[in-house]
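In the working numbering, the protein residues as written are 428 to 553.
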């Protein structure tokens, strides 16, 4: 993918919650956008850090003994091997940067788990 990409506009077009879509590739990383609301199951990524950037709304990233809350334009990196979950009380649009090997929900499988193939599906046109 080459050219100008507007992550906020692409995230606005998403219709499914908790279904990230790849919008760009950077070396061995995917840049993704997602629309979220509610809670994502507790999980960890054993070998990969995970970067969250809030495009719109508020996102809370919970750890076992602490939490951080992000607003628009704020980012946070979850260190590899750290158990966490994300929570959005209202609809929130996010951008993520993850290694291509990162499994959506780590080793935890739930109804919100999406395969890499699913995340590579194109975003519907406006």
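Where is the CB? At the ideal position from N, CA and C, for every residue including glycine.
Among the candidates the options, whose CA atom is the shortest distance from the CA of residue i?
i	options	result
residue 440	527, 542, 544, 520	520
residue 474	509, 499, 433, 465	509
residue 490	507, 501, 458	507
residue 460	483, 454, 468	483
residue 463	511, 433, 446, 524	446
residue 504	453, 549, 478	478
residue 452	523, 518, 466, 436	523
residue 515	495, 552, 466	466
residue 548	435, 433, 442	442
residue 468	541, 552, 553, 551	541
residue 480	550, 525, 544	525
For residue i, does the three-state DSSP call read helix, strand or coil?
i	result
residue 450	strand
residue 489	strand
residue 543	helix
residue 548	coil
residue 510	coil
residue 503	strand
residue 481	strand
residue 442	coil
residue 518	strand
So, using beta-carbon positions, are residue i and residue j closer together than 7 Å?
i	j	result
residue 485	residue 546	no
How would you write the range of the beta strand (DSSP E) that residue i sits in, first residue to last?
i	result
residue 436	Per DSSP, residue 436 belongs to no beta strand (DSSP E); it is in the alpha helix (DSSP H), 434 to 439.
residue 527	Residue 527 -> no beta strand (DSSP E), and no H or E assigned at all.
residue 459	456 to 466
Sorry if obvious, but does the Cβ on residue i come closer than 6 Å to a heavy atom of the ligand SAH?
i	result
residue 447	For the ligand SAH, the structure offers nothing, since it holds no ligand at all.
Quiz prompt | Contact between the region 458 to 477 and the region 492 to 499 (3+ Cβ pairs under 8 Å) | solution = They do not touch, by the three-pair rule.
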